[in-house]
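Below is one structure; the comments refer to it alone.
Number of protein chains: 2
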Amino acid sequence: MLWTSASSGSDRPPVIVIGHGGGQHKTAPGVLHRAHRFVSSGFAAVCMDAPNHGDRPTDERYQRIATEIQTAASSGSDLAALLADFHALVAEQTVSEWQAVLDHLDAGPVGYWGVSLGCGLGVPFVATEPRVRAAVLGLGGAAASSTLEAAARVTVPVEFLIQWDDERVPREQSLALFDAFGSTEKTLHANPGRHADRLPEHELDSTVRFFTRHLLPH
Amino acid sequence: MLWTSASSGSDRPPVIVIGHGGGQHKTAPGVLHRAHRFVSSGFAAVCMDAPNHGDRPTDERYQRIATEIQTAASSGSDLAALLADFHALVAEQTVSEWQAVLDHLDAGPVGYWGVSLGCGLGVPFVATEPRVRAAVLGLGGAAASSTLEAAARVTVPVEFLIQWDDERVPREQSLALFDAFGSTEKTLHANPGRHADRLPEHELDSTVRFFTRHLLPH
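So the protein sequences, as listed, match chains A and B.
If you use our numbering, the first sequence closes out at 218, no skipped numbers anywhere.
If you use our numbering, the second sequence closes out at 1218, no skipped numbers anywhere.
Put into structure tokens, the structure is as follows:
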């Protein structure tokens, strides 16, 4: 899904790639809310259904792993580590898919916004794709060595969001992921709330200013 | 020192009380920089020399304790705990001094900005003074139970700054202080850097928006 503005100040506005959350899809309410805000702020926005999400067909392999993770989690296994490995597996597919979307759009400077699943898939994407010049990530942790390795290869400015009372991502793993980013400019923003609670609106204000600072010519 | 603007949109703009850092004074460069920015953003700003700082006379008692702390620190004692106790002692004096300044100014809504010493003295001030409606604090930790008790009594919105590589305030103590604030709205902002490194300019932008949101009528 691509959002653009007819009144954009530029023929070729910077594109914000939005990574949706687990179980969501490319037109989830939170995605739409952010996309509209980005477009009204001088950007284009794009969001793709992740594999096994939204309008895409059921992927038997991912479906099986997701079911295994649910079973393992209910038996007390380390959910964060299982999810991190799963995200790394899915990212092997999505990084190249998202790069193909940027090719198709003939994208110039790109920003990335994604939390939770959008962080798990986003970290390897931002680490790999040089068109991405700034990234907002969060609600994810460094539960797998692959995540830490990818985070260390991220060098663009990062704004990293933590829900302080996140019951799914252990706080120390969130802090470790922030720690691991190789970026010179990185800012951690933590707010009270649980994993699925709505992010404060002032964080979206901050995100828009962050992307404006790094992606829009003065 | 009071800064006001002749072109202020209000006869009685909200006042930002600035708490300077240890060893600094009421016209230190960082204080001036923030004061000018606040005044150009619709606020008044005020900063007072802390006891034993700036133009105030040497206070033999504080001077003796400060010297003892330096000696203890060089022999490996817990500097953070010693400083926290010292700040709590000084705050017994500064809270009432700063309240007298607000009385003198006939202040309405007040914001507080202070890091390091300005945080140590600021937490009990913000906890005590009902005219303070929003506070930016940081570069301080919860090394003393008195700090935690005062932080729990803070209920106004808080923006809390951490230098991620702070060599003076242990990171876990900073996180514990953020955790302890009783505020419903509180946001932690962490950036790379050591204790005395310059804060990123985008944090001052954020501070201005934070005070604007909470102190200036729409």
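Using N, Cα and C, we set each Cβ at its ideal position, and we do this for glycine too.
Thinking residue i and residue j are a contact (beta carbons under 8 Å), I'd like their distance in whole angstroms, please.
i	j	result
B:G1021	B:S1116	4 Å
B:V1017	B:V1039	About 13 Å; that fails the 8 Å criterion.
B:E1092	B:L1161	At roughly 25 Å, the Cβ-Cβ gap does not stay under 8 Å, so B:E1092 and B:L1161 are not in contact.
B:V1095	B:T1128	5 Å
B:G1138	B:A1080	The pair is not a contact, with the Cβ atoms about 14 Å apart (cut-off 8 Å).
B:G1108	B:R1012	6 Å
B:V1101	B:M1048	6 Å
A:Q24	A:H53	7 Å
A:V126	A:V154	5 Å
A:L188	B:L1188	7 Å
Is residue j closer than 8 Å to residue i when the C-beta atoms are compared?
i	j	result
A:P217	A:E185	no
A:F43	A:F210	no
B:L1215	B:A1135	no
B:A1219	B:A1180	The structure shown has nothing for residue 1219 of chain B, since chain B only spans 1001 to 1218.
A:T110	A:P200	Reading off the sequence shown, one finds Val at residue 110 of chain A, where the question assumed Thr. It is not a contact, given that the beta carbons lie outside the stated cut-off.
B:Q1163	B:G1114	no
A:A143	A:Q173	yes
B:E1090	B:Y1062	It should be pointed out that residue 1090 of chain B corresponds to Val in this sequence rather than to Glu. Yes. Within cutoff.
A:R64	A:V208	no
A:S206	A:E159	yes
A:W3	A:A28	no
ask   = Got a sec: which bits of the region 1026-1042 of chain B sit with their beta carbon under 8 Å from any beta carbon on chain A, in order along the chain?
value = none
query = Where are the alpha helix (DSSP H) runs, 4 residues long or more, that stay fully inside the region 112-180 of chain A, in chain order?
reply = 117-120, 122-128, 145-152 and 171-180
task = Give, in chain order, every residue of the region 1174-1188 of chain B whose Cβ lies closer than 9 Å to some Cβ of chain A.
result = L1175, F1178, D1179, S1183, T1184, E1185, K1186, T1187 and L1188
ask   = Does the count of Cβ pairs from the region 117-131 of chain A and the region 74-91 of chain A closer than 8 Å reach three?
value = yes
task = Note down, one range per segment and in chain order, each alpha helix (DSSP H) of at least 4 residues found wholly within the region 1012-1090 of chain B.
result = 1029-1039 and 1060-1074
request  = Mind checking the region 1197-1212 of chain B against chain A and listing, in chain order, the residues whose C-beta falls within less than 9 Å of any C-beta there?
outcome  = P1200, H1202, E1203, D1205, S1206, R1209 and F1210
task = May I ask you to list, following chain order, the residues of the region 1132-1146 of chain B that have a beta carbon less than 7 Å from some beta carbon of chain A?
result = none
message = Under 7 Å, CB to CB, which of the residues in the region 47-60 of chain A have a partner in chain B?
response = none
request  = Anything in the region 1086-1115 of chain B with a Cβ closer than 9 Å to a Cβ of chain A? List those residues in chain order, please.
outcome  = none
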